[in-house]
Every structure is written in C-alpha cells, then in structure tokens.
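Encoded as structure tokens, the structure appears first; notes follow it.
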Amino acid sequence: MASHGIPRPATTAHRTEQQLQEEQLQIQEYRDLEDLIRTKIAERQYTLEVLQLTSKLLKKNPEYYTIWNDRRRLLIYGLFSESSDSSSSSKEPSSSSPTVTTSTSSEGVSSSAVSTAENLTTTLHDPPSRNRGKSGTILDLIKGELEFLFPIMIKFPKCYWLWNYRLWILQQANERLDPDIARDLWNRELILVGKMLVKDSRNFHGWGYRRMVVTQLESQELHGKSMVESEFEYTTKVIHGLNGLSNFSAWHRRSKLIPTLLDQRGADDATRQQFLEDEFDLIISAMYTDSYPYAQSAWFYYQFLMTTVTDYVGHATITPNWTQEDRVVFVTRQLAVLGDMLDGAEDCKWVYDALIEYTLALCQMEEREPLPDEKTDCQSWLMELRKLDHLRSGRWDDLEISLEKR
Amino acid sequence: MSLVSGPGRAASSALPDEIQLAIEPHVKYIQSLDSRRNELEYWLTEHLRLSGLYWGLTALHLLGRPDALSRDETIEFILSCQNENGGFGAAPGHDAHLLSTLSAVQVLATVDALDELDERGKGDKEGGGKLAVGKYIANLQNRETGTFAGDEWGEEDTRFLYASLNALSLLLLLHLVNVNKAVDYVVSCANFDGGYGVSPGAESHSGQIFACLAALNIAGRIDLVNVDKLGRWLSERQVDGGGLNGRPEKLEDVCYSWWVASSLTMIGKLHWIDGGKLTEFILKCQDTKQGGIADRPGDMVDVFHTHFGIAGLSLLGYPGLEEVDAVYCMPKKVIERVLGPNK
Ligand SMILES: [Zn+2]
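Structure follows, in structure tokens:
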C-alpha cells in the first residue's frame, strides 16, 4: 500500500498457472482464517484458542489493526478475568453474556502459550503466592504477549500498531499487577528498545518508545525516580558511536534533557557556564574530527546551543543568569570560532549560514543595525552560499532583500 | 467499491528523454486497483481500503478526471464502513479509527455527498448523521491536554489532532471540541528547530509538521509558528537529487514532497526550495507505462505515493492539474464549496 524501498522488477515476471493457483490458495487460507476469527469474536469466544488464531493472522499481517483490537478484547473481557489471579477490576462489556469457555481443543495451544511465558520467568520472579489457572497468571499472559510481539517487531520495525499494542499491554501490567512486577517489565523494555536502536539508530518509533518507557520508569506509580542523568549519558554514547554525529534523533533528545539535567544537579552559574562551553567543545571538535563540518544534524544542535544564548526568552536556556554583556561576549567569540572553521572548509555552506545568522543575531541583541563591515561580510558570505547551494536560491534572495533593508 | 494497490506492475526501467506526467496511465492504474482481488496483496491491505479510496479519488480529481470512479459506488462503499459509534473503519467490519473517519469525510466532501450522512448514516434522528460522526471524533479529545487519540484504545499523536480538526471543520462541527486546548497542545510540541513532533519532547518530523501546521491553520492560529526557523529546517529537507526527506540525513521520498512542500506553502516559503528539481524528481518516480508513482525512482508504485506525488506536483503548479489545498490535501474547488471562498 505504502511501500518503501521495494525495487520495481524490470520486466513483468511471467507467472505459471501453478504459481497463480498457489496465490489463490493463499488468499483462500487467509480469508478463511479472517472469517473464523470474526465469527468467534462476534460470539465472544474470548479463549486462548482464538488468541492463537489471531497470532497466526497477525504474523502474516501486523497492520491489521482490528485484529489487534480483537486481541485486546480477548484479554480484558476473557483471559485476564478468568486467569488464576484475576481481580474484580476486569470489566465485562455491559451487553455481553459470559460465553467464555475453553474448549478441550485449545489445550495444546494454551500449554504452548504458557511455556513461552515460562522461558521468561527464569529471569523474572513471579509473585510468590499466585497459583496457575488454566490460562496461567495475568503476568504469564502479559509476558506471553511481549514475547509474541518481539520477532514481529524485528521484522516490521516501522509498524505503528505493533509499538502501540506493546505499550497498551504494558499499561495493562500497570493496572493489573503489583507495581514492582510491572516495573521489572518496563525495565526490560528499556533494554529491548536499546537493542532496537542499535539496529536502526534513527528509528522514529524507537526513540518515541524510549521516551515513553523512561516516563513510566520515572513515574511515582512505579516507585520511580528521575533518569535524566542516565538518559543524558545514553545520548553521549550514541553520539560517540557509529555515525553518531549524524544522529539528529540523539542530538534532539540531548537538547531536551539539558535544562532538567542542570536543574536537578542544582548547578550554579559557574557550572552552567562550564557545561555550555563543554557542549560547544563537543560539537565543534566533532565537526573537526568527523570528516569536516558537513553533517547538518550537528549544525542543528549547534543552532540549539546558540539559541539558548541569543534567543533565550521563553526557550530552553543553559545559563539563565547571564547578563546581556555575557551573551554578547559569548556570541562574538563564537563568530571567531566559525571564522576559523572556514579555513579548510571553504566549501561548507553551513559555516557561512551560521556566520550570517549570528552576526545578525548579535546586532539584534545589541539593538542596532549592522555596521558597514558586518554588512559587507554578510554579503560576501551570502555570495558563497549562492555558489555552494543552488537548491535554496529563493531563500538566499529573501536573505539578500532583508540585508539590503538594514 | 474500494481501492488499494497490489504490487506495482513492471515497467521498462529506461526513462524517456523528456519526462512528463503520464496522466492516462495514472488514471488507469487507479481505476484498476479495485479489480485486483486475485492478488494476495489486495487482501493484506484491506486495513487501508478507505484511505486508499481517498488517495485514489483525490489524485483523479487533481488529474482532472473526477468521473473516473463511480460516484454512487463510492458513496455506497463509504457508508458501508461506518460503525455503530459513528466512526468509520478501514473497510466493512473493521473497527472505527480516526484516520479512516477523516478519509470518509474527505471522500464524501469531494463527491459532494456529506448530506448522505444525514439521510443514511448511523445514529438516531437527533444525534445521527453528521452529528454522529462529529461526536465520535469529539469523544476522542483528551479534555485535559487537548490532543486526540486515534481510537478508543488511546494512542495519541498530533496526526490525530489534525485529522480531527480537518474532519470536524468539513462537517462544520468544530464547536464540538476545545479548539484552544488543541492549539495549546500543538504549541507545546514545538522544538528549537521550529518543527513539531508527535507529542511534547518528540523529535521534529515533516509529517508531524504538516499535521501541526494544518491544525493551526484550521484553528486560525498560524501566527504561532516560528516561520523563519521552520522554513530553514524544511528547506534543508531538499537533497541534491531534488527530492525531499522527512528528517535530517534521511533518504528522500515522494511522500515528503507533499508534507514538506505543503508545510512550506502554509508558511509562505515554498520558494525556499527548488520546485523545478522537485518536479523532476517526482516525475522520475513514475511508472510511465503502467501508471502509478513510487517512493523513489525505480521502486514499486503504490496509490499512496501516487496521490502524494500528484498533490505535490499540483502544489508546484504543474500545468494542467487542478489546484490542491495545502491544508486539507483536497482539491481547492471542493474546499471552497464546503467552507466558502474565504475559509
Ligand atoms: Zn514515502
């Protein structure tokens, strides 16, 4: 439907009669399975057997969101409430009749679901005084779900419904299990998402999921405390890893953590100033070591740091107590650093772009028009930008007009 | 009546010297999508059937071929996807979801059939028709934060916030939700680069930026955007090949032609990228023989990229195409008919 990166074959592959027939059989099998699930769900047969049928279908088609919803209904109106440790908190839908009975044919299914869950219990302790019913405990069911999802997520890391369902399952743990047990589950998620991000360090879902897992682990509900330090540490690790400099996701996360980090450290003015200097050192030395300053992710982070100095009202700031003079001195120094950077990187448009931006920002901070030589500098940098970057000439036109007006 | 792609059909990989929009093949490709029931892919993509219809139908309207699909069958199919709760599922028998509900409203608006909801939609006399759809959507707003969930299971995302405001405004039912709270929420998703993410704290992403800008636009609060910063970030999405990517240092992709270019349009900075180069990139992604547009040159085509490719071309003023509305991603004519010329 929305395919990405799948090559178009050069010629129409001629398919044999047998191949065509095979496809019809596959379609029939798929649709029969779908019909079977629909019928059973309509009859409110919320059993392990039906759960297993949905597993079979979802492995083929994890985008089928209605089936994920069926699975949720199966759990909350069926399996959770009849599990050995169910509490009265599980609700029946008002119109339902209690038709949930596990048929004998589901025995094989249920035992396999329990055994996969048991593989996990070797690393995670069950609550002591809970007995297993025929569907196992709620913890077994939840762990079974998480286990079931993992290989599908590896195969389809960009499928929204999978991440979404996974979060929902974990929230069920929050609602139905002891906080310490739920916390163990979320802790394992942090390890899992770390692994997913090693596989694809820019996965949008992965970074989003990581934020949510951390929020849970920090929550009072789960007896958590702030993880800002360890998360900041994590971004440092990613940035220093393979292609880290180009990892905008990591830089972004870092930018969001810093204000809280400093607050929590109770940092004084001197510490804050040192922190800002260190961040600039990090980004600038990275630009120098890592095949010249051409990675735009690094430049956006540079922009973030500069914004905390130049445009701090209503935005994140690192050094809130700096005077206007402190800020002006700092920006002037950065302009010198940028100027030096041009040496050997004359073909790097980002440097020119930054030089213009912060020269103008400086004027604005001092509430004055650009001096004649500042204006000349900006115009010559703009000429370089025009030469280096043809795609954005409309932007350079606008910039030229705004320079002329000053 | 339903449209979804199966795998694209093969084409010769060599491009003709002068690339033009292959209008007829695209029309045929879109028309053929519902007749592919002998392909497994057709059945595996049923969860996108209604959105597929919106993509295909909108592309046809932009191509100037609004009658290429039967209006009656279109309406029939849309109504068959409505659930008892007023929302629409992706296909008959599928659960209601905000994304397919938006597509349903958009398709009905496009074929000038929103009144059919009042005549034949779900719900009783007082609470039914358009109002039933509006109430379904309004119930998904998080009254505390102002954002929206995609369905009853609670996943929240700024895409859903946009989908809600879009559909409600077409139904003339925006008053059912707290628009100011929704605006506050969008503002809380803004990042230092001027962009927006799925939720507060999330990384800027072109798709989310489109959703947030369009939501602000519908709410009449585009003034809240940091136009210069965002314009710069968006213009840097264009890569050397002319295509646009969704985030820094990612691959270019036709669907971002829409999300980035429409966002630039909404803040008046479309001229900050090279429209000619982008047009060329989109045209190179066509299957000129069998019709359809892919994510990148030489890849498999699908109706999603076909739609966004054509919408992007329309935004860029490609000759002969109907004008597209940057906020609604529907023909401008339709938006003017539903909302009036000064929407
Ligand atoms: Zn795409």
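The listed protein sequences correspond, in order, to chains S and R. Under UniProt numbering, the first residue of the first sequence is numbered 1, with each subsequent residue one higher. Under UniProt numbering, the first residue of the second sequence is numbered 1, with each subsequent residue one higher. Note that the Cβ used here is the ideal one computed from N, Cα and C, for glycine as well.
Ligand 1 and residue 348 of chain S: does any heavy atom of the ligand fall closer than 7 Å to the residue's C-beta?
To locate residue 348 of chain S, count along the first sequence from 1; it is residue 348. Residue 348 of chain S: no, Cβ never under 7 Å from ligand 1.
Using a C-beta to C-beta distance shorter than 8 Å, which residues of chain R count as neighbours of residue 24 of chain S?
What you label residue 24 of chain S is simply residue 24 of the first sequence in a count that begins at 1. Here the neighbours are 38.
Please tell me whether, using a cut-off of 7 Å, the distance from the CB of residue 205 of chain S to the nearest non-hydrogen atom of ligand 1 is below it.
Position 205 of the first sequence, counted from the start, is the residue given in the question as residue 205 of chain S. Answer for residue 205 of chain S: no, Cβ out of range of ligand 1.
Residues with a Cβ closer than 5 Å to any heavy atom of ligand 1, in chain order?
R:253, R:255 and R:295
Taking all protein chains shown into account, do 16 or more other C-beta atoms lie within 10 angstroms of the C-beta of residue 321 of chain S, making it buried, or fewer, making it exposed?
Working through the first sequence from its first residue, we reach residue 321 of chain S at position 321. By the neighbour-count rule (16 or more Cβ atoms within 10 Å), residue 321 of chain S is not buried but exposed.
8 Å Cβ cutoff met for residue 98 of chain R and residue 148 of chain R:
Working through the second sequence from its first residue, we reach residue 98 of chain R at position 98. Working through the second sequence from its first residue, we reach residue 148 of chain R at position 148. Contact flag set, yes.
Under 8 Å from the C-beta of residue 259 of chain R: neighbouring residues of chain S:
Here residue 259 of chain R corresponds to residue number 259 of the second sequence, with the count starting at 1. The premise fails here: residue 259 of chain R is roughly 13 Å from chain S at the closest Cβ pair, so nothing lies under 8 Å.
Counting Cβ pairs, one atom from each stretch, are 3 or more of them under 8 Å apart for the segment 157-167 of chain R and the segment 111-122 of chain R?
no
Nearest-angstrom Cα separation, counted from residue 266 of chain R out to residue 335 of chain R
In the second sequence, counting from the first residue as 1, residue 335 of chain R sits at position 335. In the second sequence, counting from the first residue as 1, residue 266 of chain R sits at position 266. Their Cα atoms are separated by approximately 15 Å.
Quick one: give me the first and last residue of the alpha helix (DSSP H) that residue 151 of chain S is part of.
The sequence position of residue 151 of chain S within the first sequence is 151, counting from 1. From DSSP, the alpha helix (DSSP H) with residue 151 of chain S extends over 138-155.
Contact check, residue 86 of chain R vs residue 162 of chain R, beta carbons under 8 Å
Along the second sequence, one-based indexing puts residue 86 of chain R at 86. Along the second sequence, one-based indexing puts residue 162 of chain R at 162. Cβ distance not < 8 Å, so residue 86 of chain R and residue 162 of chain R don't count as in contact.
Can you grab the Cα-Cα spacing for the pair residue 286 of chain S / residue 203 of chain R, in whole Å?
Within the first sequence, numbered from 1, the residue matching residue 286 of chain S stands at position 286. Within the second sequence, numbered from 1, the residue matching residue 203 of chain R stands at position 203. C-alpha separation (whole angstroms): 21 Å.
Using 10 angstroms around the beta-carbon of residue 341 of chain S, count the other beta-carbons present and answer buried if the total reaches 16, otherwise exposed.
Mapped onto the first sequence, residue 341 of chain S falls at position 341. So residue 341 of chain S counts as buried.
Below 8 Å on C-beta distance, what does residue 204 of chain S contact in chain R?
For this step, residue 204 of chain S is matched to residue 204 along the first sequence. Those are 203, 205 and 247, listed as they occur along chain R.
When the Cα of residue 169 of chain S is compared with those of S:156, S:151, S:190 and S:142, which residue comes out closest?
Here the question's residue 169 of chain S lines up with position 169 in the first sequence. Of S:156, S:151, S:190 and S:142, the residue nearest in Cα terms is S:142.
Would residue 391 of chain S pass as an interface residue toward chain R - the criterion being a Cβ-Cβ separation below 8 Å?
Working through the first sequence from its first residue, we reach residue 391 of chain S at position 391. Residue 391 of chain S counts as touching chain R.
Hey, residue 146 of chain R and residue 182 of chain R are a contact pair by Cβ (cut 8 Å); roughly how many whole angstroms apart?
Position 146 of the second sequence holds residue 146 of chain R. Position 182 of the second sequence holds residue 182 of chain R. Sure, about 5 Å apart at Cβ, within 8 Å.
At least one CB of chain S closer than 8 Å to the CB of residue 16 of chain R: is that the case?
The residue you call residue 16 of chain R lines up with position 16 of the second sequence. With a pLDDT of 49 at residue 16 of chain R, under the threshold of 50, the modelled position of this residue cannot be trusted; read the value that follows with caution. No, no contact with chain S.
Between the alpha carbons of residue 89 of chain R and residue 104 of chain R, how many angstroms are there, rounded?
By 1-based counting over the second sequence, the position of residue 89 of chain R is 89. By 1-based counting over the second sequence, the position of residue 104 of chain R is 104. If you take the alpha carbons of residue 89 of chain R and residue 104 of chain R, they lie about 9 Å apart.
Assign residue 275 of chain R to one of two classes, buried (16 or more other C-beta atoms within 10 Å of its C-beta) or exposed (fewer than that).
The sequence position of residue 275 of chain R within the second sequence is 275, counting from 1. Classification for residue 275 of chain R: buried.
If we ignore side chains and look at the alpha-carbon of each, how far apart do residue 216 of chain R and residue 268 of chain R end up?
As a first step, residue 216 of chain R is located in the second sequence; it is residue number 216 there, counting from the start. As a first step, residue 268 of chain R is located in the second sequence; it is residue number 268 there, counting from the start. In a straight line, the C-alpha of residue 216 of chain R is about 14 Å away from that of residue 268 of chain R.
Contact residues within the segment 315-329 of chain S, judged by C-beta distance below 9 Å to chain R:
315 and 316
Under 8 Å, Cβ to Cβ, is there at least one residue of chain R near residue 272 of chain S?
Working through the first sequence from its first residue, we reach residue 272 of chain S at position 272. Answer no: the Cβ-Cβ gap between residue 272 of chain S and chain R never drops below 8 Å.
Tell me, to the nearest whole angstrom, how far the beta carbon of residue 249 of chain R is from that of residue 246 of chain S; I am working on the premise that it is less than 8 Å.
As a working note, residue 249 of chain R is residue 249 in the second sequence. As a working note, residue 246 of chain S is residue 246 in the first sequence. Confirmed, Cβ separation roughly 5 Å.
Taking 8 Å as the CB-CB cut-off, is residue 15 of chain S touching chain R?
In the first sequence, the residue the question calls residue 15 of chain S occupies position 15. Output row for residue 15 of chain S: interface = no.
Within 8 Å (strictly less), CB to CB, does residue 256 of chain S reach chain A?
Checking the listed chains, one finds no chain A in this structure; the protein chains it contains are S and R.
With burial defined as no fewer than 16 other Cβ atoms inside 10 Å of the residue's Cβ, what is the status of residue 401 of chain S: buried or exposed?
Looking up residue 401 of chain S in the first sequence gives position 401. By the neighbour-count rule (16 or more Cβ atoms within 10 Å), residue 401 of chain S is not buried but exposed.
Rounded Cβ spacing between residue 200 of chain S and residue 151 of chain S (contact assumed at less than 8 Å)
Here residue 200 of chain S refers to the residue found at position 200 when the first sequence is read from its first residue. Here residue 151 of chain S refers to the residue found at position 151 when the first sequence is read from its first residue. 16 Å between Cβ atoms; not a contact.
Three-way DSSP call (helix, strand, coil) for residue 360 of chain S in this model:
As a first step, residue 360 of chain S is located in the first sequence; it is residue number 360 there, counting from the start. Looking at residue 360 of chain S - three-state DSSP - the assignment turns out to be helix.
Under the DSSP definition of a beta bridge, which residues are partnered with residue 32 of chain S?
What you label residue 32 of chain S is simply residue 32 of the first sequence in a count that begins at 1. Beta-bridge pairing links residue 32 of chain S to no other residue.
For the segment 191-211 of chain S against the segment 159-168 of chain S, do three or more pairs of beta-carbon atoms, one drawn from each stretch, fall closer than 8 Å, so that the two count as touching?
yes
Residue burial classification, residue 358 of chain S (beta-carbon count within 10 angstroms, cutoff 16)
Numbered from 1 along the first sequence, position 358 holds the residue referred to as residue 358 of chain S. Counting Cβ neighbours within 10 Å, residue 358 of chain S comes out buried, since at least 16 surround it.
Nonlocal neighbours in the same chain, by C-beta distance under 7 Å from residue 314 of chain R, ignoring five residues either side
As a working mapping, residue 314 of chain R is identified with position 314 in the second sequence. Contacts found: 62, 321, 322, 323 and 324.
Burial state of residue 288 of chain S (16 or more Cβ within 10 Å)
As a first step, residue 288 of chain S is located in the first sequence; it is residue number 288 there, counting from the start. Classification for residue 288 of chain S: exposed.
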